[in-house]
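Student:
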Amino acid sequence: MSHINSDLGMDSAEYKHALARYVWGFALSIVLTLLGVVLAGGGIFSTGLAWSIVGILAVAQLVIQFWAFMHLDLSKEARPDLYLVLFTFLLIILMAAGTVWVLADLASRMGMGGM
Amino acid sequence: MSATMTHEGAVHTASHDHGHHDKTGTVIFGFWIFLMSDLIAFSLMIANYADAEWHGIANGPSPHELFSLGLPTIETMALLISTFTFGLCTLGMKYGASMKRTVFWLVVTLALGAIFLGIELYEFHEFWTEGNTPQVSGFLTAYYSLVGLHGLHVTSGIIWGILLMVQMKTFGMNDLMKSRLVRLGLFWHMLDIVWIALFTKVYLMGVLS
Chain A
1 MSHINSDLGM
11 DSAEYKHALA
21 RYVWGFALSI
31 VLTLLGVVLA
41 GGGIFSTGLA
51 WSIVGILAVA
61 QLVIQFWAFM
71 HLDLSKEARP
81 DLYLVLFTFL
91 LIILMAAGTV
101 WVLADLASRM
111 GMGGM
Chain B
1 MSATMTHEGA
11 VHTASHDHGH
21 HDKTGTVIFG
31 FWIFLMSDLI
41 AFSLMIANYA
51 DAEWHGIANG
61 PSPHELFSLG
71 LPTIETMALL
81 ISTFTFGLCT
91 LGMKYGASMK
101 RTVFWLVVTL
111 ALGAIFLGIE
121 LYEFHEFWTE
131 GNTPQVSGFL
141 TAYYSLVGLH
151 GLHVTSGIIW
161 GILLMVQMKT
171 FGMNDLMKSR
181 LVRLGLFWHM
191 LDIVWIALFT
201 KVYLMGVLS
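In order, the protein sequence lines correspond to chains A and B. So the first sequence is numbered by our numbering: it starts at 1 and just counts up by one. So the second sequence is numbered by our numbering: it starts at 1 and just counts up by one.
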């Protein structure tokens, strides 16, 4: 199947199947977003616990949107994209977490507050 | 290509699709590489923000004092709906939707992007007139640059979309236009994925801090 053209029309089962993926992604994203807002605003859990859950919800929504909207999955077609994304996240974890670590260490040595 | 699309022969179209897939697929994969490098840039801006928010409050407000969730939530919903409507646009296009339908969903998407941008600029203006300018603290510098960088991306996406509509009207819905629309779609979906991270880190976790 090509990226930009299908031989089938909008009344085909394939179209409806593909559309369902978008609808699921959209519905789940809305639920996860609103859950995050309620947790951040509501004071249901302790601040630390709410912070962690909100973070997990964000990661879940990130995975869902890559799957639903950017067609990332375990299929052979999406494999090169998947490897690229996974390698990118490896770089992000190393570089972003490393940056926060070094700057926080520096701040604590400068007496600007603990790590 | 459009002539081949009407052929019923599965073997013929399959082989044709394969050859076509390779060319368009390569261009789209190249665009993925750009998107991922952009994602790394965003992630480092977030890392910078995380540090500034932690150690760079100075005499300015903390995130907890500055942010409320009302407007950012509406803003988030606008962008979330827009990423879905862009999906409707590109998915329909792939399955032979009329240009009218494709343009309609693209216009809806860009309008939602403009609403998102309007709310963001309104918030910037509010903070600014309260005296919370980027000069006040490292946290505010990082806030304006991180959220502003995302806003610039949305702005360029809107301009890109408008230019693409002009091209589509001029050249018709050919394969090149379709490939460009798919790439703009990936760009737009990526921006919403980046916004999940920004909304969570800046606003949700900011209010919780």
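Using N, Cα and C, we set each Cβ at its ideal position, and we do this for glycine too.
#1: Just checking my contact of N132/B with L66/B at CB under 8 Å: how many whole Å lie between their CB atoms?
#2: Within the continuous alpha helix (DSSP H) that includes E14/A, where are the two ends?
#3: Between E14/A and the rest of its own chain, which residues show a CB-CB distance below 8 Å, the 5 nearest in sequence each way excluded?
#4: Taking D81/A as part of the alpha helix (DSSP H), name the residues at either end of that continuous run.
#5: What do you get for A41/B, buried or exposed, if any count of 16 or more other CB atoms within 10 angstroms of its CB means buried?
#6: May I ask you to report which of helix, strand or coil DSSP gives M1/A?
#7: Count the C-beta pairs between the stretch 108-120 of chain B and the stretch 67-85 of chain B that are closer than 8 Å, then say yes if the count reaches three, no if not.
#8: Taking 8 Å as the threshold (beta carbon to beta carbon), is S145/B in contact with chain A?
#9: Work out the CA separation of M93/B and D175/B for me, nearest whole Å.
#10: State yes or no: is the C-beta of I28/B within less than 8 Å of the C-beta of H3/A?
#11: Is the CB of V31/A under 8 Å away from at least one CB in chain B?
#12: For D38/B, tell me which candidate among H150/B, L110/B, Y122/B, V103/B has the shortest Cα-Cα distance.
#13: DSSP three-state label for G30/B, please.
#14: Cutting at 6 Å between CB atoms, please list the residues of its own chain near E53/B, excluding the five before and the five after it.
#15: Taking CB distances under 8 Å as the criterion, tell me whether M205/B reaches chain A.
#16: Measure the C-alpha to C-alpha separation of G157/B and W188/B and round it to an integer number of angstroms.
#17: For K76/A, name the three-state secondary structure that DSSP assigns.
#18: CB-CB under 7 Å to F31/B, same chain, minus the five flanking residues each way: which ones, in chain order?
#19: Taking F124/B as part of the alpha helix (DSSP H), name the residues at either end of that continuous run.
Tutor: On the basis of the coordinates in this document:
#1: 6 Å
#2: 13-42
#3: S6, L8
#4: 79-92
#5: exposed
#6: Unreliable placement is indicated for M1/A, whose pLDDT of 40 sits below 50; no coordinate value is reported for it.
#7: yes
#8: Cβ-Cβ to chain A under 8 Å: no for S145/B.
#9: 11 Å
#10: The Cβ atoms of I28/B and H3/A sit closer than 8 Å to each other.
#11: no
#12: H150/B
#13: helix
#14: P63, F139
#15: yes
#16: 7 Å
#17: coil
#18: R183, L186
#19: Where F124/B is concerned, the enclosing alpha helix (DSSP H) stretches over 99-129.
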